[in-house]
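A.B. asks: Residues 78 to 227, numbered by the working numbering, are exactly what the sequence shown covers, in order.
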Amino acid sequence: MEVYKETTDGSSIETKESGLVWHYQDADHDFGSCQAKELVSHLERVLANEPVVVKRGHQIVEVKPQGVSKGIVVDTVIRTLINNENAPDFLMCIDVFACSVGQKASKAKYYVDACSEVIRLLKGVTAITPRREVISQSQVTFRDILEVVS
């Protein structure tokens, strides 16, 4: 990744707790895209026998350990808390469903017109949570929230 950072103006490397990310959003679009394709190919060859995943995303190339995800980590933490009789009163999972601000090309299933509507949705979460019977495994859906804020 260092070589690609040095040879691609506008690119950078981010060191995360769970991996490395090469960013090229500030590089020339066409050159950065070609470099990313080449980097993925190179990393897949070099790391073929290592327990890692090489993944290309939106203007990034990421290398992270296999079998590691935010979901797995959250699940482990919650199970540990429950087993220690210290279950959280409330847990909000961001990124469970995609919601875009503004109608634009997106894979998001839902959208809101403005940031003020995001705040309304978050207030909806707080409004609906106390009304639900407190049980483990209870979930509030996006539709539940929309019913409250509509």
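Yeah, the Cβ is synthetic: ideal placement off N, Cα and C, and Gly gets one too.
Could you give the distance in angstroms between the alpha-carbon of H135 and the alpha-carbon of V129?
C.D. replies: The straight-line gap from Cα to Cα measures roughly 19 Å.
A.B. asks: Taking 8 Å as the limit between beta carbons, can you name the residues of its chain near L116, skipping five residues before and five after?
C.D. replies: Same-chain partners within the cutoff: M78, Y81, W99, V138.
A.B. asks: The beta strand (DSSP E) with Y187 in it runs from where to where?
C.D. replies: Segment 187-189, the beta strand (DSSP E) holding Y187.
A.B. asks: Thinking C-alpha only, which one of N163, F108, V131, H106 is nearest H119?
C.D. replies: If we check each option's Cα against that of H119, V131 comes out closest.
A.B. asks: Excluding the 5 residues preceding and the 5 following R133 in the sequence, name in chain order all residues of the same chain whose CB lies nearer than 7 Å to its CB.
C.D. replies: Around R133: A113, V117.
A.B. asks: Pull up the distance between the alpha-carbon of N126 and that of I159, whole angstroms please.
C.D. replies: N126 and I159: Cα-Cα distance of roughly 37 Å.
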